[in-house]
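Keeping their order, the protein sequence lines are chains A and V.
When we follow our numbering, the leftmost residue of the first sequence carries the number 22, and every step to the right adds one.
When we follow our numbering, the leftmost residue of the second sequence carries the number 22, and every step to the right adds one.
Virtual Cβ for every residue (Gly too), placed ideally from N, Cα, C.
Written below as structure tokens is the structure these notes are about.
Number of protein chains: 2
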Amino acid sequence: MKNLFANRVLNNDNSDLDNIFKNSANPANISFAGGFPDVALFPDTDLKHAYQTAIDQDGPAIFQYSSTQGLPALRQKLAQRMASHAGVMTTADNVMLTQGGQQAIDLVAKLLLNRGDSMVVEGPTYMGALAAFDTYEPTYYEIPVDDHGMNINQLRQTLQAHPEIKLIYTVPDFHNPTGTTLSAKRRQAMVALANQYDVMILEDSPYRDLRYSGKAIPAIKHYDTEGRVIFISSFSKILSPALRTGWIVADDDVMHELIGLKSAIDVQSPNITLAAINAYLDTHDIDDHIATINQAYRIKRDAMLKALDRYMPANVQYTRPAGGFFIWVTLPAGIDAKQLLNDVVLPQAHVAYVPASCQFASRQVKNAFRLNFTSLTPETITTGIKRLGNILQTSTAAVPAKALMPAIQF
Amino acid sequence: MKNLFANRVLNNDNSDLDNIFKNSANPANISFAGGFPDVALFPDTDLKHAYQTAIDQDGPAIFQYSSTQGLPALRQKLAQRMASHAGVMTTADNVMLTQGGQQAIDLVAKLLLNRGDSMVVEGPTYMGALAAFDTYEPTYYEIPVDDHGMNINQLRQTLQAHPEIKLIYTVPDFHNPTGTTLSAKRRQAMVALANQYDVMILEDSPYRDLRYSGKAIPAIKHYDTEGRVIFISSFSKILSPALRTGWIVADDDVMHELIGLKSAIDVQSPNITLAAINAYLDTHDIDDHIATINQAYRIKRDAMLKALDRYMPANVQYTRPAGGFFIWVTLPAGIDAKQLLNDVVLPQAHVAYVPASCQFASRQVKNAFRLNFTSLTPETITTGIKRLGNILQTSTAAVPAKALMPAIQF
Chain A
22 MKNLFANRVL NNDNSDLDNI FKNSANPANI SFAGGFPDVA LFPDTDLKHA YQTAIDQDGP
82 AIFQYSSTQG LPALRQKLAQ RMASHAGVMT TADNVMLTQG GQQAIDLVAK LLLNRGDSMV
142 VEGPTYMGAL AAFDTYEPTY YEIPVDDHGM NINQLRQTLQ AHPEIKLIYT VPDFHNPTGT
202 TLSAKRRQAM VALANQYDVM ILEDSPYRDL RYSGKAIPAI KHYDTEGRVI FISSFSKILS
262 PALRTGWIVA DDDVMHELIG LKSAIDVQSP NITLAAINAY LDTHDIDDHI ATINQAYRIK
322 RDAMLKALDR YMPANVQYTR PAGGFFIWVT LPAGIDAKQL LNDVVLPQAH VAYVPASCQF
382 ASRQVKNAFR LNFTSLTPET ITTGIKRLGN ILQTSTAAVP AKALMPAIQF
Chain V
22 MKNLFANRVL NNDNSDLDNI FKNSANPANI SFAGGFPDVA LFPDTDLKHA YQTAIDQDGP
82 AIFQYSSTQG LPALRQKLAQ RMASHAGVMT TADNVMLTQG GQQAIDLVAK LLLNRGDSMV
142 VEGPTYMGAL AAFDTYEPTY YEIPVDDHGM NINQLRQTLQ AHPEIKLIYT VPDFHNPTGT
202 TLSAKRRQAM VALANQYDVM ILEDSPYRDL RYSGKAIPAI KHYDTEGRVI FISSFSKILS
262 PALRTGWIVA DDDVMHELIG LKSAIDVQSP NITLAAINAY LDTHDIDDHI ATINQAYRIK
322 RDAMLKALDR YMPANVQYTR PAGGFFIWVT LPAGIDAKQL LNDVVLPQAH VAYVPASCQF
382 ASRQVKNAFR LNFTSLTPET ITTGIKRLGN ILQTSTAAVP AKALMPAIQF
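This is the structure in structure tokens:
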């Protein structure tokens with residue numbers, strides 16, 4: 022039947038990634054590949070009670086069709102949280118609940134992108150976002166990321182050179198995969214550029230509340246003056262990914278169309294889940310739960326950084342994130358992290374990571390990889406990084422040190 | 022920001038439908054517009070226990086990321102049910118769980134349709150499917166429906182005349198909106214035509230188990246010899262729509278791509294919900310529950326048919342469905358059911374229905390409407406149809422009787 026498939030599918034090949042995750046699921050390996058929260062931190066008993074409470078409170082009506090935009094009481098709570106935790110003044114009418122942050126990305130892509138339309142992504146960027154965007158067949162422009170997030174000078178040059186660009190996609194807080202955070206000054210500059218060049222910004226911030234050191238920075242949407250910023254986040258990292266519940270904050274015109282698109286995609290999110298989350302928030306301070314998570318993740322991050330400091334060869338560089346899930350490791354130029362993974366790291370060190378190439382829209386950068394530190398214990402992290410460091414001592418011995426971030430090829 | 026929206030959004034206008042559902046939510050009106058199950062028939066206590074059981078059994082792991090294809094135990098049960106209830110021999114590997122039947126439609130559209138690609142729909146058809154397909158900007162060919170489902174002679178002529186057609190979308194069982202069922206002979210003929218003209222068939226069958234009289238017919242996929250039929254169904258009508266859980270049955274190549282697309286759309290369906298449905302099925306015979314539903318819906322259908330027989334003018338025709346949710350009413354040619362609704366039926370009779378135009382891809386047929394009988398009591402149905410009949414006696418008095426199904430304009 023392949024002759025009947027659409028181009029968006031024929032152009033797509035995720036077999037590399039499938040193999041990585043298949044190998045990383047092998048219990049013989051220590052996997053830093055996934056982006057999983059620690060299962061020990063889920064408030065499972067509280068959530069079980071929240072489901073019961075929600076069903077008891079609403080009765081049979083909870084099982085009926087409800088609104089596409091999602092439970093008003095939960096949207097109201099999120100609107101308040103956007104003000105208190107992200108500096109974004111909004112209303113429940115400007116919040117929509119989605120199937121995780123991933124559906125929010127898909128919806129925004131569907132709203133904006135005709136085939137061939139131009140957009141900006143970070144290089145590297147969240148590979149799940151690339152998978153979503155890929156199905157709309159855009160033209161990508163890749164902007165490098167440094168310790169303060171997306172390089173704004175390069176963004177300016179790119180917008181100037183390509184006035185047809187419609188969308189900037191960014192993960193500003195504890196960026197997936199580098200862990201870096203966009204500075205307040207750059208957030209303001211990004212909004213100014215969006216205004217100047219008539220571009221929308223998709224601010225994807227699922228890790229925002231997972232800060233282990235330093236002070237929070239207002240969301241990009243805080244600086245939005247023309248309704249150009251669409252903010253998305255999720256309960257996946259702060260409560261549970263199996264809830265599949267995220268949210269979008271957008272101004273009226275954009276929200277109206279997003280509701281229409283979601284209605285055509287899946288009618289609405291499961292009302293029972295939304296009511297359970299709402300019941301959980303009614304009886305628990307989620308910030309207490311987040312503080313517990315952050316304490317545990319801070320210890321894991323510190324364990325990974327300490328092990329990297331101890332075991333990595335001098336010609337290997339890595340980021341030092343203040344929060345989130347990931348550390349980004351850059352190998353000397355010329356080393357292909359994917360080939361190294363398959364030929365040496367997996368078979369000999371029994372360690373898995375996500376190689377750079379599938380995290381760049383251009384697929385051109387090869388000498389880097391992503392490590393996750395949230396899903397393993399500090400002891401396993403130390404063991405795995407030691408194994409990885411030892412094998413990299415051998416594999417990278419002949420190659421000199423290189424700049425922190427790989428150069429991007431347009 | 023409208024200048025930045027994609028064509029798929031700019032071409033879309035659902036404001037008519039929004040207004041209809043807004044008016045029909047007004048408690049002063051009797052609404053036959055929605056496609057809602059009867060809230061009194063939800064097994065709410067059993068489902069509440071199923072959530073508890075699922076969370077107790079799986080522990081914290083139930084809250085972690087899981088597979089895109091969905092819980093294997095539930096897919097296994099559905100594979101067995103496909104054999105016993107639809108004559109379809111399949112395996113758990115060929116079943117994927119989705120966010121209701123609606124996401125299954127969106128996924129198949131995304132798999133097959135490039136902008137401008139040609140497809141066949143019934144005229145009339147499920148308006149939610151049109152909303153999903155519309156976002157892929159296909160070229161529609163509309164085939165009329167009679168008492169035995171899609172007209173196969175017209176399908177043959179259309180496929181012959183337009184060899185570029187890739188997809189046939191059909192609701193074969195208790196069709197939304199007409200309530201008619203595709204005969205076994207036509208199912209076989211449709212598969213033969215798909216083989217001959219290299220076309221896929223999307224068999225959308227959410228009402229299949231809701232039969233109130235007559236004998237079940239095997240699914241179209243039962244007759245599939247070349248992996249051309251993608252079967253989709255849902256728990257929305259037999260258990261609860263708020264679970265947002267449907268399923269797709271497809272052969273290997275198609276399934277592989279659908280899993281990749283779903284991963285990019287929302288990663289996976291909520292594992293807690295899937296585990297709860299699985300726990301419900303472990304401890305209850307869903308066929309007992311379906312028998313209870315069918316008994317109640319049979320009474321409602323009979324009440325509506327009896328009231329139609331009694332109160333409708335002679336120049337108004339309607340279908341007599343053997344199951345499902347809907348009856349289709351055809352007015353004399355020349356009457357615009359939407360205009361009639363807004364000008365007379367809603368303001369004077371305080372009754373709502375869904376006018377024909379938004380249920381035809383062509384938007385050309387106007388003299389018909391859809392009635393739902395599942396969500397109201399027999400008494401309210403009788404009252405509403407009496408009011409509707411009385412007002413139609415006046416409104417259609419001058420117009421002669423017409424054939425059952427409206428003629429289709431290509």
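Length of the line joining the Cα atoms of residue i and residue j
| i | j | result |
| --- | --- | --- |
| residue 61 (chain V) | residue 75 (chain A) | 18 Å |
| residue 92 (chain A) | residue 295 (chain A) | 6 Å |
| residue 367 (chain A) | residue 44 (chain A) | 8 Å |
| residue 151 (chain A) | residue 380 (chain A) | 8 Å |
| residue 128 (chain A) | residue 278 (chain A) | 9 Å |
| residue 40 (chain V) | residue 374 (chain V) | 12 Å |
| residue 247 (chain V) | residue 212 (chain V) | 9 Å |
| residue 319 (chain V) | residue 258 (chain V) | 14 Å |
| residue 165 (chain A) | residue 171 (chain A) | 6 Å |
| residue 30 (chain V) | residue 132 (chain A) | 6 Å |
| residue 425 (chain A) | residue 283 (chain A) | With a pLDDT of 45 at residue 425 (chain A), under the threshold of 50, the predicted position of this residue should be treated as unreliable, and no value is reported. |
| residue 220 (chain V) | residue 403 (chain A) | 55 Å |
| residue 363 (chain A) | residue 376 (chain A) | 10 Å |
| residue 173 (chain A) | residue 207 (chain A) | 7 Å |
| residue 70 (chain A) | residue 97 (chain A) | 22 Å |
| residue 78 (chain A) | residue 306 (chain A) | 20 Å |
| residue 348 (chain A) | residue 167 (chain A) | 13 Å |
| residue 94 (chain V) | residue 184 (chain V) | 41 Å |
| residue 356 (chain A) | residue 409 (chain A) | 15 Å |
| residue 300 (chain A) | residue 308 (chain A) | 15 Å |
Distance between beta carbons of residue j and residue i, contact taken as under 8 Å
| i | j | result |
| --- | --- | --- |
| residue 416 (chain V) | residue 350 (chain V) | Actually they are not in contact, since the Cβ atoms of residue 416 (chain V) and residue 350 (chain V) sit about 13 Å apart, beyond 8 Å. |
| residue 55 (chain V) | residue 382 (chain V) | So it is not a contact: roughly 22 Å between Cβ atoms. |
| residue 345 (chain V) | residue 231 (chain V) | 6 Å |
| residue 51 (chain V) | residue 288 (chain V) | Incorrect: roughly 41 Å between the Cβ atoms, too far for contact. |
| residue 122 (chain A) | residue 254 (chain A) | 6 Å |
| residue 153 (chain A) | residue 285 (chain V) | 5 Å |
| residue 64 (chain V) | residue 310 (chain V) | 6 Å |
| residue 312 (chain A) | residue 234 (chain A) | Contact flag wrong, Cβ pair sits at about 14 Å. |
| residue 329 (chain V) | residue 339 (chain V) | 5 Å |
Residues near residue i in its chain [Cβ-Cβ closer than 7 Å; skip 5 each side]
| i | result |
| --- | --- |
| residue 303 (chain V) | none |
| residue 428 (chain A) | At residue 428 (chain A), the pLDDT of 39 sits below 50, so the modelled position is not reliable and the matter cannot be decided from this model. |
| residue 177 (chain A) | 214 |
| residue 130 (chain A) | 153, 154, 157 |
| residue 210 (chain A) | 173 |
Cβ neighbours of residue i in the same chain (closer than 6 Å, five flanking residues each side left out)
| i | result |
| --- | --- |
| residue 90 (chain V) | 117, 280 |
| residue 378 (chain V) | 359, 384, 387 |
| residue 147 (chain V) | 192, 197 |
| residue 431 (chain A) | Because residue 431 (chain A) carries a pLDDT of 31, less than 50, the predicted location of this residue cannot be relied on, and the following value inherits that uncertainty. Hits under 6 Å: none found. |
| residue 405 (chain V) | 51, 372 |
| residue 333 (chain V) | 410 |
Top-ranked residue by Cα proximity to residue i, from the options
| i | options | result |
| --- | --- | --- |
| residue 271 (chain V) | V:98, V:306, V:57, V:113 | V:113 |
| residue 222 (chain V) | V:229, V:275, V:238 | V:275 |
| residue 49 (chain A) | A:161, A:266, A:300, A:401 | A:401 |
| residue 53 (chain A) | A:398, A:412, A:414, A:418 | A:398 |
| residue 267 (chain V) | V:225, V:137, V:308 | V:225 |
| residue 169 (chain A) | A:388, A:395, A:191 | A:191 |
| residue 335 (chain A) | A:324, A:347, A:413 | A:413 |
| residue 394 (chain V) | V:317, V:411, V:338 | V:317 |
| residue 252 (chain A) | A:119, A:63, A:137, A:59 | A:119 |
| residue 180 (chain A) | A:167, A:217, A:206 | A:217 |
| residue 187 (chain A) | V:297, V:23, V:389, V:353 | V:23 |
| residue 182 (chain V) | V:139, V:46, V:337 | V:139 |
| residue 298 (chain A) | A:325, A:159, A:263, A:326 | A:263 |
| residue 67 (chain V) | V:85, V:326, V:260, V:86 | V:260 |
Interface residues of chain D facing residue i [CB-CB closer than 7 Å]
| i | result |
| --- | --- |
| residue 68 (chain V) | Protein chains A and V are contained in the structure displayed, whereas chain D is not. |
- Message: Does the contact criterion of 3 or more C-beta pairs under 8 Å hold for the segment 103-119 of chain V versus the segment 240-260 of chain V?
- Response: In this structure the segment 103-119 of chain V touches the segment 240-260 of chain V; the number of beta carbon pairs closer than 8 Å is three or more.
- Query: Does the segment 23-34 of chain V come within contact of the segment 189-203 of chain A, defined as at least 3 CB pairs closer than 8 Å?
  - Reply: No: the two stretches stay apart, fewer than three of their Cβ pairs being nearer than 8 Å.
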